[in-house]
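Let me begin by presenting the structure, written as structure tokens, before commenting on it.
Numbering (the working numbering), first residue to last: 382 to 694.
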């Protein structure tokens with residue numbers, strides 16, 4: 382037997398009865414007369430050709446097997462309609478349907494996760510696309526209009542189409558595995574001679590963008606392996622393949638456990654890797670992008686060494 386098509390109002394009446402546990406409760410919740418609630422559920426049962434509630438022998442209506450079978454689908458339909466209405470309201474208010482954010486791979490994941498968690502609460506209907514890139518690739522996405530907002534790193538591109546604002550920094554430290562020649566040399570002498578790092582393979586984060594191709598950040602070795610992924614660089618360092626500069630917060634656990642050691646290089650004592658919020662001048666900010674930008678500027682996006690604390694939320 383074919384079934385009719387219920388209205389969204391009938392579905393909401395059904396869910397109100399389930400949630401409130403009675404027809405009277407549903408009437409109070411929806412601000413309607415109990416006769417309207419009864420009429421609505423009777424019409425829904427007529428449309429579907431089934432009884433949704435067992436009204437016999439109990440003052441509280443009990444779901445029938447058919448009622449339990451359709452409950453999850455009814456909630457999904459109501460949720461989808463609510464989401465659609467929220468998106469339409471947001472669109473009418475100028476809210477973006479989608480926001481694309483490009484983030485430098487060095488940016489602390491912990492801080493990014495907290496920021497995006499708050500973003501989800503503030504803008505539940507805005508879909509987010511997240512690109513994690515290295516060096517100039519963040520800026521390239523902005524210039525190509527493939528991203529709405531960027532968190533760019535130290536290798537900057539001066540372009541009149543872009544605005545930027547400093548938001549924080551991380552420390553980079555030169556590290557190697559304990560068995561690496563530089564680490565063993567440091568263990569024997571307590572220090573490394575100036576320029577000694579030039580003689581050993583350095584692992585370097587490479588740029589997938591043509592904007593800053595050939596521009597290096599803190600590269601001193603004559604021989605390098607260039608990697609497009611920070612995780613791969615980390616893994617090779619742990620394996621004892623070369624030495625390299627890493628964000629302190631990424632390798633803090635490895636340094637503490639002895640899986641990596643800090644290389645006391647005079648020329649690499651304290652390397653600061655700054656971050657900038659970056660956006661296009663010609664792209665007006667919707668509410669979601671404006672909120673993210675405001676939060677980046679208001680929060681402390683500096684990742685400190687363990688034990689120093691962090692003012693970021």
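We put the beta carbon where it would ideally sit given N, CA and C, even for glycine.
Just so it is clear, the structure is predicted and the values come from calculations on it, not from any experiment.
According to the DSSP assignment, residue 635 belongs to the alpha helix (DSSP H) that extends over 629–638.
Judged by their CB atoms, residue 618 and residue 533 are not nearer to each other than the 9 angstroms cut-off. DSSP places residue 422 in the uninterrupted alpha helix (DSSP H) bounded by 415–429.
Here residue 477 has 507, 667 and 669 as same chain residues with Cβ atoms under 6 angstroms from its own Cβ, once five neighbours each way along the sequence are excluded. Residue environment analysis places residue 548 among the buried positions, since at least 16 neighbouring C-beta atoms fall within 10 angstroms of its C-beta. Contact check between the stretch 427–441 and the stretch 484–500: fewer than three CB pairs, one atom from each, fall below 8 angstroms, which does not count as touching.
Taking C-beta atoms under 8 angstroms as the contact rule, residue 578 and residue 621 fail to qualify, at a distance of about 16 angstroms. Distance from residue 563 to residue 553 at the Cβ level is roughly 16 angstroms; contact not present, criterion being Cβ atoms closer than 8 angstroms. Assignment of beta strand (DSSP E) within the stretch 542–606, counting only whole runs of 3 or more residues, yields 543–557 and 583–586 in chain order. Annotation for residue 482: 509, 510, 511, 512, 528, 529, 530, 531, 532 and 673 place their beta carbon closer than 8 angstroms to its own, counting only its chain and skipping 5 residues before and after. Selection 402, 394 and 655 evaluated against residue 550 yields 655 as nearest (Cα-Cα). By the 16-neighbour rule on beta-carbons within 10 angstroms, residue 397 is buried. In the DSSP assignment, residue 519 forms no beta bridge with any residue. Taking a cut-off of 8 angstroms on C-beta distances, the stretch 627–636 touches the stretch 603–615, as three or more cross pairs fall below it.
Residue environment: residue 659 is assigned as buried (16 or more neighbouring CB atoms within 10 Å of its CB, all protein chains considered). Rounded to whole angstroms, the gap between the alpha carbons of residue 501 and residue 447 is 36 angstroms. Residues 404 of the same chain have their beta carbon placed closer than 8 angstroms to that of residue 419, with the five preceding and five following residues left out of the count. For the pair residue 642 and residue 568, the CB atoms are nearer than the 9 angstroms cut-off.
The Cβ-Cβ distance between residue 408 and residue 399 does not fall below 9 angstroms. Checking the DSSP bridge columns, you'll see residue 511 partnered with 482. With a cutoff of 9 angstroms on beta-carbon distance, residue 587 and residue 516 are scored as near each other. The three-state reading of DSSP puts residue 680 in coil, since its state is none of H, G, I, E or B. Going by beta carbons, residue 424 and residue 391 fall inside the 9 angstroms limit. In the three-state reduction of the DSSP assignment, residue 403 falls in the coil class, being assigned neither a helical nor a strand state. Judged by their CB atoms, residue 492 and residue 682 are nearer to each other than the 9 angstroms cut-off. Membership of residue 500 in any beta strand (DSSP E) is not indicated; the residue belongs instead to the alpha helix (DSSP H) covering 490–503.
Per DSSP, the beta bridge partners of residue 624 are 583. Bounds of the beta strand (DSSP E) holding residue 531 are 530–533. Boundaries for residue 658: no alpha helix (DSSP H) harbours it, while the beta strand (DSSP E) harbouring it runs 652–661, taken from the DSSP string. It is roughly 11 angstroms from the alpha-carbon of residue 503 to the alpha-carbon of residue 496. Just measuring C-alpha positions, the residue of 499, 606, 466 and 535 sitting nearest residue 514 is 535.
Straight through space, the alpha carbons of residue 546 and residue 679 are spaced by roughly 11 angstroms.
When rounded, the separation of the alpha-carbon atoms in residue 410 and residue 401 is 8 angstroms.
Leaving aside the five residues that flank residue 436 on each side, the residues in its chain whose CB is nearer than 7 angstroms to its CB run, in chain order, 442.
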